[in-house]
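Each position in the sequence shown, counted from 1, maps to that position plus 5 in the working numbering.
Yeah, the Cβ is synthetic: ideal placement off N, Cα and C, and Gly gets one too.
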Amino acid sequence: MTDQNSSDHQPDSIDISKYAEVSQGVQDNQKTHGSALAASTYKLPPVLERFIEHCHMRNYSKGERIVSPGVSSDSLFCVKTGQVSVIIEANEMSKQEMVMRYLGRGEIFGEMGVFETNPVRSALVRAKVDCELAEMSYAAFRHYATQDPEILFYIGAQLVERLQATTKRVGDLAFMDASGRIAGAILDMCKHIDAIALPEGTMIRVTRQELAKLVGCSREMVGRILKTFEDDGLVTCQGKSIVVHDIIPIANHHSQF
Numbered sequence: 006m007t008d009q010n011s012s013d014h015q016p017d018s019i020d021i022s023k024y025a026e027v028s029q030g031v032q033d034n035q036k037t038h039g040s041a042l043a044a045s046t047y048k049l050p051p052v053l054e055r056f057i058e059h060c061h062m063r064n065y066s067k068g069e070r071i072v073s074p075g076v077s078s079d080s081l082f083c084v085k086t087g088q089v090s091v092i093i094e095a096n097e098m099s100k101q102e103m104v105m106r107y108l109g110r111g112e113i114f115g116e117m118g119v120f121e122t123n124p125v126r127s128a129l130v131r132a133k134v135d136c137e138l139a140e141m142s143y144a145a146f147r148h149y150a151t152q153d154p155e156i157l158f159y160i161g162a163q164l165v166e167r168l169q170a171t172t173k174r175v176g177d178l179a180f181m182d183a184s185g186r187i188a189g190a191i192l193d194m195c196k197h198i199d200a201i202a203l204p205e206g207t208m209i210r211v212t213r214q215e216l217a218k219l220v221g222c223s224r225e226m227v228g229r230i231l232k233t234f235e236d237d238g239l240v241t242c243q244g245k246s247i248v249v250h251d252i253i254p255i256a257n258h259h260s261q262f
């Protein structure tokens, strides 16, 4: 951790618009088939590189629990490499889970406690793959943000995107059938920086069980719907991966419901 010169990163005015897509990082380049980028090609923005320099680095193995719901919260995290799952559980004794979203390179979690008096973790966060995270205590972050306030706009942009995504998801659960919800989940993952562009389409790494937890239906239902998509030539399922041959029909399938 290094000292920060408070005069270095306090611009007279901050262009808020440039943070509008920080959660996806490369969203503009992913709106059409074949334009998804591997996570390794995504360069972290300068504001985040500066932030990470002041953090403690933590390594987690695939499947390892990072934070648990109901536990006192005193730090926030940024995903430097890998991917994590944000999960809510039916209750402590139940094995029922719903995946709220996946967070990848450049995305921050645990930030809500910065703005709370007695913060408590609200969700389970688990490493989806091996990952490296940058961690900073709330006390250190509050001090850091006075020196580099640009980080607040970065986090604010992510919070806005997540609120919009949550609002949309509530609508999907209320008004859309399982087929439409699965199409929407696949579409969202194709826009993520961890999607991989292949000659035959965009590859996303997700299992039927994970999709079921994302959209709120059974694994068997996911399997039947993916088989329909595959029969229609929209996707090819390969083990724990799905190759989407053309994003546009998937998007049309999602929007028609």
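Entirely within the segment 101 to 168 and at least 3 residues each: give me those beta strand (DSSP E) ranges in chain order. 102 to 108, 129 to 132 and 136 to 142
Identity of the residues DSSP links to Ala202 by a beta bridge: Taking the first residue of the sequence shown as 1, we reach residue 202 at position 197. Paired residues: Thr207.
So the candidates are Ser77, Ala128, Gln214 and Ser142; which of them puts its Cα closest to the Cα of Gly244? In the sequence shown, counting from the first residue as 1, residue 244 sits at position 239. For Gly244, the nearest C-alpha among the options comes from Gln214.
With respect to the alpha helix (DSSP H) encompassing Lys85, which residues constitute its N-terminal and C-terminal limits? Numbered from its first residue, the sequence shown carries residue 85 at position 80. Taken as a continuous stretch (DSSP letters only), Lys85 belongs to no alpha helix (DSSP H), being part of the beta strand (DSSP E) at Ser80 to Thr86.
Could you have a look at Thr241 and say whether DSSP puts it in helix, strand or coil? Locating residue 241 in the sequence shown gives position 236, where the first residue counts as 1. Strand at Thr241.
Starting from Met5, follow the alpha helix (DSSP H) in both directions and report where the run begins and ends. Residue 5 is absent from the structure shown; the chain starts at 6 and stops at 262.
Cβ-Cβ distance between Phe234 and Val240 below 8 angstroms: Counted from its first residue, the sequence shown places residue 234 at position 229. Counted from its first residue, the sequence shown places residue 240 at position 235. Yes, the pair counts as a contact, with Cβ atoms nearer than the cut-off.
By Cβ distance, which residues of its chain are closer than 7 angstroms to Ile255, with the 5 residues on each side in sequence left out? Stepping through the sequence shown from its first residue, residue 255 is reached at position 250. Spatial neighbours of Ile255 in its own chain (CB-CB distance under 7 angstroms, excluding positions within 5 residues in sequence) are listed in chain order as Ala188, Ile191, Leu192, Leu239 and Val249.
By DSSP, does His197 sit in helix, in strand, or in coil? Position 192 of the sequence shown holds residue 197. The answer is coil: DSSP assigns His197 none of H, G, I, E or B.
So, are the CB atoms of Ser70 and Val91 less than 8 angstroms apart? Locating residue 70 in the sequence shown gives position 65, counting from the first residue. Locating residue 91 in the sequence shown gives position 86, counting from the first residue. Correcting the residue type first, residue 70 is Arg in the shown sequence and not Ser. For Arg70 and Val91, no; Cβs fall outside 8 angstroms.
Quick one: grab the DSSP three-state call for Val76. Taking the first residue of the sequence shown as 1, we reach residue 76 at position 71. Val76: coil per DSSP, three-state reduction.
Taking Glu215 as part of the alpha helix (DSSP H), name the residues at either end of that continuous run. Here residue 215 refers to the residue found at position 210 of the sequence shown. Run containing Glu215: Arg213 to Val220, per the alpha helix (DSSP H) assignment.
Is the beta carbon of Gly109 sitting closer than 8 angstroms to the one on Ile198? If you number the sequence shown from 1, residue 109 lands on position 104. If you number the sequence shown from 1, residue 198 lands on position 193. Yes, these two residues count as a Cβ contact at 8 angstroms.
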